[in-house]
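In my numbering, the protein residues as written are 1 to 292.
Even for Gly, the Cβ is constructed at its ideal location relative to N, Cα and C.
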Amino acid sequence: MATVVELPLETYKGPVDPDWCPGCGDFGVLRALQRAAGKLGIHHKDLMVVSGIGCSSNLPGYIHAYGFHGLHGRALAQATGMKLGNHDLHVVITGGDGDGYGIGIQHFIHSMRRNIDLTYIVMDNEIYGLTTGQASPTTERGEWTKSTPGGCPEDELNPLALAMVAGATYIARGSSAEQEHLTNLIAQGIQHKGFSLIDVFSPCVTYNKHNTHQWFKERVYKLEETDYEPTDYERALVKVREWGDQIPIGVCYQTSRPTYEDGEPALKKGPLVRHNLGLTPEQRRALLQEFM
Ligand code: SF4
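Written out as structure tokens, the structure reads:
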């Protein structure tokens, strides 16, 4: 087994500083991802960070790694292409609840069903932040938002429960305020072979005055500090629905089954990017010119 050489946080410092509002939970998620990558000793060239649209989706611009800032709700589809193009890459997707659980929900479900080896970090603030405070799929029933002035009239989506039935093989919940804990959850998610979901409480201090840092602090407890075992599917189905005065964070469920890549014959000879296509240098140049 290769020895892991940990890398310092500065390794992943991006070319520009985040322009998130002071106090936004996303700062803590960025830092935890940088720390997790450093802890695993992942070189820049082996890390790809992909996002859709939203405040949190600006994250690839703030980390020193390969990055792709794509279309609203399409980050998982784009990340799937990247993973299949080079399955040696660690592909991490970062985005918000509106982007992933609303606009991109079809990609969310099918990526989990396929168990493609991706790490999906959702900065869940229960609101659309970039568009200035409309209800998102995780906004709770009755909540006042700009788009629901009479209170949100529909039930919220439980992304962890959906992940359980759709087939994700690593399902965790973290809090941006719990740095050490979140770093470990992300590191485990990256190491996990298969689809990993890490839903992170990442408060929007500007537009969500209900689910604040304090609100979460008063409620969250760590599963690792209880006798909970994340390998029991039936127990996990109950645990992911726990909500109210007590909200669990930690690894809710982890299992193992073949990934999409395992079953794809075209990948048996190694990453597609290293396959010999039999092209001459001129043909390669012409193709690059056509598509780049
Ligand atoms: Fe963060 Fe909300 Fe500000 Fe967006 S609007 S940067 S989510 S605090």
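Beta-carbon gap between residue i and residue j smaller than 8 Å
{"i": "Gly-96", "j": "Asn-125", "result": "yes"}
{"i": "Ala-172", "j": "Cys-252", "result": "yes"}
{"i": "Asp-117", "j": "Thr-259", "result": "yes"}
{"i": "Tyr-62", "j": "Ile-93", "result": "no"}
{"i": "Leu-267", "j": "Met-164", "result": "no"}
{"i": "Val-205", "j": "Cys-24", "result": "yes"}
{"i": "Ala-166", "j": "Met-123", "result": "no"}
{"i": "Tyr-170", "j": "Leu-197", "result": "yes"}
{"i": "Gln-254", "j": "His-192", "result": "yes"}
{"i": "Leu-40", "j": "Ala-187", "result": "yes"}
{"i": "Leu-157", "j": "Thr-138", "result": "yes"}
{"i": "His-210", "j": "Glu-290", "result": "no"}
{"i": "Ser-175", "j": "Asp-26", "result": "no"}
{"i": "Gln-179", "j": "Gly-28", "result": "yes"}
{"i": "Pro-159", "j": "Tyr-101", "result": "yes"}
{"i": "Arg-274", "j": "Asp-245", "result": "no"}
{"i": "Ala-36", "j": "Thr-183", "result": "yes"}
Residues of its chain near residue i, where Cβ-Cβ distance is below 7 Å and the 5 sequence neighbours each way are ignored
{"i": "His-44", "result": "His-64, Ala-65"}
{"i": "Gly-104", "result": "Gly-52, Gly-73, Arg-74, Ala-75, Leu-76"}
{"i": "Val-271", "result": "Note that residue 271 is Pro in the sequence shown here, rather than Val. Answer for Pro-271: Asn-86, His-87, Asp-88, listed in chain order."}
Short CB-CB distance (under 8 Å) between residue i and chain C
{"i": "Trp-20", "result": "The structure shown contains no chain C, having only a single protein chain."}
Own chain, CB closer than 6 Å to residue i, minus 5 neighbours either side, in chain order
{"i": "Leu-130", "result": "Gly-54, Cys-55"}
{"i": "Met-48", "result": "Tyr-66, Met-82, Leu-89, Val-91"}
{"i": "Ala-34", "result": "Rather than Ala, the amino acid found at residue 34 in this sequence is Gln. The answer, listed in chain order, is Leu-9, Tyr-12."}
{"i": "Tyr-128", "result": "Gly-98, Gln-134, Ser-136"}
Expected contact under 8 Å - CB spacing of residue i and residue j to nearest Å
{"i": "Pro-248", "j": "Leu-223", "result": "5 Å"}
{"i": "Gly-151", "j": "Tyr-207", "result": "About 16 Å separates the two Cβ atoms, so there is no contact after all."}
{"i": "Ser-256", "j": "Gly-194", "result": "7 Å"}
* Give me every residue whose Cβ sits closer than 5 Å to any heavy atom of the ligand MN, in chain order. => Absence of the ligand MN from the depicted structure is noted, with the ligand SF4 being the only ligands included.
* To do: Go through the stretch 48 to 129 residue by residue and report every complete run of the beta strand (DSSP E) that reaches 3 residues or more, in order.
  => 66 to 69, 90 to 96, 119 to 124
* Asked: Which whole runs of the beta strand (DSSP E) in the stretch 199 to 266 are 3 residues long or more, in chain order?
  -> 220 to 222, 247 to 254
* To do: Output the residue ranges of the alpha helix (DSSP H) runs that lie fully inside the stretch 131 to 182 and measure 4 residues or longer, sorted by chain position.
  => 159 to 166
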